[in-house]
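Peer 1:
In this note's numbering, the protein residues as written are -7 to 324.
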């Protein structure tokens, strides 16, 4: 990726402090012979430090990132906003054939650029001091310290990301567990990671017997078979879904790439239950499916009320027919 970057025409979305650090490295004299062309930088804040530095360097700047897509010779888009959702949007709407690099991957590339920059600087000095052992050793120590500093910064950054990820996972777990809607989550291996209290109550299956297994089918089916969350993960073709659900399923009008269905489950409760269920993919920042979430809605009472209304209407229709017949006889 580093070689690709150095040979590319680039635009940057996100003109904050990291943007300035990245540009400072790119414009180091050690990259005079081979430097990527920075076509433009975008940030909604006109006072963003990286945006202002880009303007000082004579680079096109804008508050509207979509204007960057109009460069005809654009090869690569770098996203430095740290907003994963926004990154996904850029990935979807970017011009065809243009490479997209998010802020996380860019940080790794920036580290390689720094090392390359420092290596070139040290090699130049070595040419002047090659006969002075002490100075050569000093340069070597400086270079090692530089590498160690990058490693330390990377470790700190990785630890921060890890902590943020753990916090995010905890927040997700709390949202799922605290929901009054029966909900469960499976990962890419079809293993249940969350099975909330509402789901326990609806199915009668405790979380400690389901979480960590692929037995999420058990409360709903007499025999093992894919359920809607599995279908989402495996990206099953419509024709194969028809074989499992017939005409009872449809694509969600509200949630992208989600499916929903309504079905009677005779194994739930004493007399079975009618459930309306929706399954949707969980995606990573690059759009890859990494899991699925399924929610369930018990519609049994609604169905029973509907049947009661139907019975009432039949009785009423019968009574009206009898009344009409009796009235006709009286007219005779």
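The C-beta atom is built at its ideal place from N, Cα and C for all residues, glycine as well.
Any idea which residues DSSP pairs residue 273 with across the strands?
Peer 2: BP columns for residue 273 point to 284.
Peer 1: Measure how close the beta-carbons of residue 288 and residue 225 come, nearest whole angstrom, since I'm counting them as under 8 Å.
Peer 2: Between residue 225 and residue 288 the Cβ distance is about 17 Å, and since that is not below 8 Å, they are no contact.
Peer 1: Exposed or buried, residue 265, counting other C-beta atoms within 10 Å across all chains shown (16 or more means buried)?
Peer 2: Looking at its Cβ environment, which holds 16 or more other Cβ atoms inside 10 Å, residue 265 is buried.
Peer 1: Can you list, in chain order, the residues of its chain with a C-beta nearer than 7 Å to that of residue 202? Leave out the 5 residues immediately preceding and following it.
Peer 2: The residues are 184, 187 and 208.
Peer 1: Which residue from 89, 105, 2 and 26 puts its Cα closest to that of residue 57?
Peer 2: Of the candidates 89, 105, 2 and 26, the one whose C-alpha sits nearest the C-alpha of residue 57 is 2.
Peer 1: Could you name the residues that DSSP lists as bridge partners for residue 256?
Peer 2: Its beta-bridge partners are 266.
Peer 1: Expressed to the nearest angstrom, what Euclidean distance is found between the alpha-carbon atoms of residue 55 and residue 40?
Peer 2: Taking the straight line from one Cα to the other gives about 10 Å.
Peer 1: If I'm right that residue 271 touches residue 293 with Cβ under 8 Å, what's the distance once you round it to whole angstroms?
Peer 2: That belief does not hold up - the Cβ atoms of residue 271 and residue 293 are roughly 23 Å apart, past 8 Å.
Peer 1: Touch check for the region 81 to 99 and the region 109 to 121: three-plus C-beta pairs under 8 Å?
Peer 2: Touching, no.
Peer 1: When DSSP labels each residue in this structure, what does residue 313 get in the three-state scheme?
Peer 2: Reduced to three states, the DSSP call for residue 313 is helix.
Peer 1: Would DSSP call residue 177 helix, strand or coil?
Peer 2: It is a strand residue.
Peer 1: List, from N- to C-terminal side, the alpha helix (DSSP H) runs of 4 residues or more that fit wholly inside the region -5 to 56.
Peer 2: Listed in chain order, the complete alpha helix (DSSP H) runs (minimum 4 residues) inside the region -5 to 56 are 9 to 18 and 41 to 48.
Peer 1: Tell me whether residue 81 sits in a helix, a strand or coil according to DSSP, three-state version.
Peer 2: Looking at residue 81 - three-state DSSP - the assignment turns out to be helix.
Peer 1: Are residue 28 and residue 0 closer than 8 Å when you measure CB to CB?
Peer 2: Cβ distance < 8 Å, so residue 28 and residue 0 count as in contact.
Peer 1: From this set, 244, 217, 246 and 21, which residue's C-alpha is nearest residue 232's C-alpha?
Peer 2: Ranking 244, 217, 246 and 21 by Cα distance to residue 232 puts 217 first.
Peer 1: With residue 45 and residue 15 assumed to form a contact (beta carbons below 8 Å), what rounded beta-carbon distance in angstroms separates them?
Peer 2: Confirmed, about 6 Å.
Peer 1: For residue 35, count the other beta carbons within 10 Å of its own beta carbon; 16 or more makes it buried, fewer makes it exposed. Which is it?
Peer 2: Buried: at least 16 other Cβ atoms inside 10 Å.
Peer 1: Does the beta-carbon of residue 38 have 16 or more other beta-carbons within 10 angstroms, so that it is buried, or is it exposed?
Peer 2: That one is exposed.
Peer 1: When the Cα atoms are used, what is the spatial distance from residue 175 to residue 253?
Peer 2: Using only the alpha carbons, I get a separation of about 15 Å.
Peer 1: Once you ignore the five residues that flank residue 275 on each side, which residues in its own chain have a CB closer than 7 Å to its CB?
Peer 2: Hits under 7 Å: 281 and 282.
Peer 1: If the criterion is Cβ atoms closer than 8 Å, does the pair residue 17 and residue 33 meet it?
Peer 2: Contact: no.
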